[in-house]
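Trainee: Got a structure for you, written out below as structure tokens; questions coming shortly.
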Amino acid sequence: MSPVLQFDFHDGVNKGVSPVTYGQGDRPPRGDYARAHVDYTCDQQSDYTSAEHALYQRLFERQARQLDGRACDEFVRALALLGEPTHIPRFDQVSQRLRRATGWEIVAVPGLIPEEAFFSLLAERRFPVTDWIRKPEEFDYVVEPDVFHDLFGHVPLLFDPVFADYMQAYGAGGMKASRLDACEQLARLYWYTVEFGLINTPQGLRAYGAGILSSAGELRYSVESPAPARIGFDLQRLMRSRYKIDDYQANYFVIDSFQQLFDATAPDFTPVYEAVRQQLEIDAGTVLPGERTFAVSAPSIGG
Ligand SMILES: [Fe+2]
Numbered sequence: 000m001s002p003v004l005q006f007d008f009h010d011g012v013n014k015g016v017s018p019v020t021y022g023q024g025d026r027p028p029r030g031d032y033a034r035a036h037v038d039y040t041c042d043q044q045s046d047y048t049s050a051e052h053a054l055y056q057r058l059f060e061r062q063a064r065q066l067d068g069r070a071c072d073e074f075v076r077a078l079a080l081l082g083e084p085t086h087i088p089r090f091d092q093v094s095q096r097l098r099r100a101t102g103w104e105i106v107a108v109p110g111l112i113p114e115e116a117f118f119s120l121l122a123e124r125r126f127p128v129t130d131w132i133r134k135p136e137e138f139d140y141v142v143e144p145d146v147f148h149d150l151f152g153h154v155p156l157l158f159d160p161v162f163a164d165y166m167q168a169y170g171a172g173g174m175k176a177s178r179l180d181a182c183e184q185l186a187r188l189y190w191y192t193v194e195f196g197l198i199n200t201p202q203g204l205r206a207y208g209a210g211i212l213s214s215a216g217e218l219r220y221s222v223e224s225p226a227p228a229r230i231g232f233d234l235q236r237l238m239r240s241r242y243k244i245d246d247y248q249a250n251y252f253v254i255d256s257f258q259q260l261f262d263a264t265a266p267d268f269t270p271v272y273e274a275v276r277q278q279l280e281i282d283a284g285t286v287l288p289g290e291r292t293f294a295v296s297a298p299s300i301g302g
């Protein structure tokens, strides 16, 4: 799930206006919004076909094979808590486990939802998960997040207490950013952490971002290719940084721990937004003089 949305949304109530994604305003969002309640959640569909369950399993198993040495340990440890990969899980069963671990739950949504609805769910420790699955011909890439991206990519880290708190704080911050006209800066924080974040570990760089972890090709690229820049996490720097939505990222930001991420983003962002507005934006892929960057080790022969 992603918050990069524009919307016509007032007073926390779904007025029946379909949400629209940034840069894609001429294309209606995919999903049946007639199913949505006022908060944009819906009941998880119960009529998945056996072909859809099989597609989920193929997606799951392809990604699971790539995780070793590339995904962070917290993600790998929690993956089994999604349930057997043989079928699309029932969200209420995943929620039972999540509630016990961190007090989070997942809720079904028909697709992308407006920013404020998204932020408000996160602030209540409810993560919106799209309930439809991509078509077989979209096996390698789907434009809008589907149930595989949202579940496989996002939900395992909600079992981590610190990351779970970060996500709730993000939601609360988002509700405030809407009032401060700072949604773009905050969307960049989400993009470069929740979707495309890397973490530095004693074993090397690892992915924790859902956009990477659910991608067939970007997981390997993000931690092994010498092409992209990998820059030490810096909140203001990150909020000045544009990003690419149509290709692998030209740069990633690297945290040292989830605690660092939580601590850096805990204070009130009002002065941060002000400072960011006084500075130039930075193109994706740019490394500024003196920045802390991370190199990747050369892949071993045969590896
Ligand atoms: Fe996402």
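The sequence shown begins at 0 in numbering that gives the first Met the number 0 and counts up by one. The beta carbon of each residue, even a glycine, is placed where N, CA and C say it ideally should be. Since the model is a prediction, treat every value here as computed from it, not as a measurement.
1) Identify whether P127 lies in helix, strand or coil by the three-state DSSP scheme.
2) Compute every distance between the C-beta of V106 and the non-hydrogen atoms of ligand 1, then say whether any falls below 8 Å.
3) What's the C-alpha gap between Y207 and A70?
4) Roughly how many whole angstroms lie between the Cα atoms of L279 and G82?
5) Indicate the three-state DSSP secondary structure (helix, strand or coil) for V108 in the structure shown.
6) If you drop the 5 nearest sequence neighbours on each side, which residues of the same chain put their C-beta closer than 8 Å to that of Y220?
7) Can you tell me which of the three DSSP states S94 falls into?
8) Kindly give me the distance between the Cβ atoms of L197 and Y251, rounded to whole angstroms, as I take these residues to be in contact under 8 Å.
9) Could you give the DSSP three-state label for T292: helix, strand or coil?
10) Exposed or buried, Y140, counting other C-beta atoms within 10 Å across all chains shown (16 or more means buried)?
11) Around the Cβ of S224, are there at least 16 other Cβ atoms within 10 angstroms (buried) or fewer (exposed)?
12) From which residue to which residue does the alpha helix (DSSP H) around G173 run?
13) Report, in whole angstroms, the separation of the C-beta atoms of A176 and F261, which I expect to be a contact under 8 Å.
14) Would you kindly work out how many angstroms separate the C-alpha atoms of L150 and T200, rounded to a whole number?
15) Could you have a look at S119 and say whether DSSP puts it in helix, strand or coil?
16) Would you be able to state if there are at least three C-beta pairs under 8 Å between the segment 114–123 and the segment 31–44?
17) CB-CB under 7 Å to E136, same chain, minus the five flanking residues each way: which ones, in chain order?
18) I need the straight-line Cα distance from R187 to D255, nearest angstrom please.
19) Under 9 Å, do S283 and K243 count as touching if we go by C-beta distance?
20) Alpha carbons only, please: which of A209, L287, F257 is nearest the one belonging to S240?
21) Are V295 and R229 touching if we call contact CB-CB under 9 Å?
22) Can you tell me whether A79 is helix, strand or coil according to DSSP?
23) In whole angstroms, what separates the C-alpha of P160 from that of T129?
24) Expressed to the nearest angstrom, what Euclidean distance is found between the alpha-carbon atoms of Y272 and L234?
25) Is the distance from the Cβ of W131 to the Cβ of G152 below 9 Å?
26) Considering only their Cβ atoms, is the gap separating G231 from T292 smaller than 9 Å?
27) Determine, using beta carbons only, whether Q56 and A107 come nearer to each other than 9 Å.
28) At a cut-off of 8 Å, is A209 close to ligand 1 when judged by its beta-carbon and the heavy atoms of the ligand?
Mentor: Taking the geometry as given:
1) In the structure shown, the three-state DSSP call for P127 is strand.
2) V106: no, Cβ never under 8 Å from ligand 1.
3) Cα to Cα, Y207 sits roughly 6 Å from A70.
4) Taking the straight line joining both Cα atoms gives about 46 Å.
5) V108 falls in the strand class under three-state DSSP.
6) Cβ neighbours of Y220 beyond the five flanking positions: A226, P227, Y247.
7) Here S94 sits in helix by DSSP.
8) Between Y251 and L197 the Cβ distance is about 5 Å, and since that is below 8 Å, they are a contact.
9) DSSP, read as helix, strand or coil, puts T292 in strand.
10) By the Cβ-count criterion, Y140 is exposed, with fewer than 16 other Cβ atoms from all chains shown falling within 10 Å of its own Cβ.
11) By the neighbour-count rule (16 or more Cβ atoms within 10 Å), S224 is not buried but exposed.
12) Unbroken alpha helix (DSSP H) run through G173: 160–178.
13) Going by Cβ atoms, the distance from A176 to F261 rounds to 17 Å, so no, they are not a contact pair.
14) Their backbone Cα atoms lie some 24 Å apart in a straight line.
15) Reduced to three states, the DSSP call for S119 is helix.
16) Three or more pairs of CB atoms, one per stretch, sit closer than 8 Å, so the segment 31–44 contacts the segment 114–123.
17) Sequence-distant Cβ neighbours of E136 in its own chain, meaning closer than 7 Å and more than five residues away, do not exist here.
18) For R187 and D255, the distance between alpha carbons rounds to 19 Å.
19) Correcting the residue identity first, residue 283 is Ala in this sequence and not Ser. Contact flag set, yes.
20) Of the listed residues, the one whose Cα sits closest to S240 is L287.
21) In contact: V295 and R229 (Cβ atoms closer than 9 Å).
22) Judged by DSSP in its simplified three-state form, A79 adopts helix.
23) One alpha carbon belongs to P160, the other to T129, and they sit about 23 Å apart.
24) The alpha-carbon atoms of Y272 and L234 are separated by roughly 10 Å.
25) No, the Cβ-Cβ distance between W131 and G152 is not below 9 Å.
26) A contact, by the Cβ cut-off of 9 Å.
27) Not in contact: Q56 and A107 (Cβ atoms no closer than 9 Å).
28) True, at least one ligand heavy atom lies under 8 Å from that Cβ.
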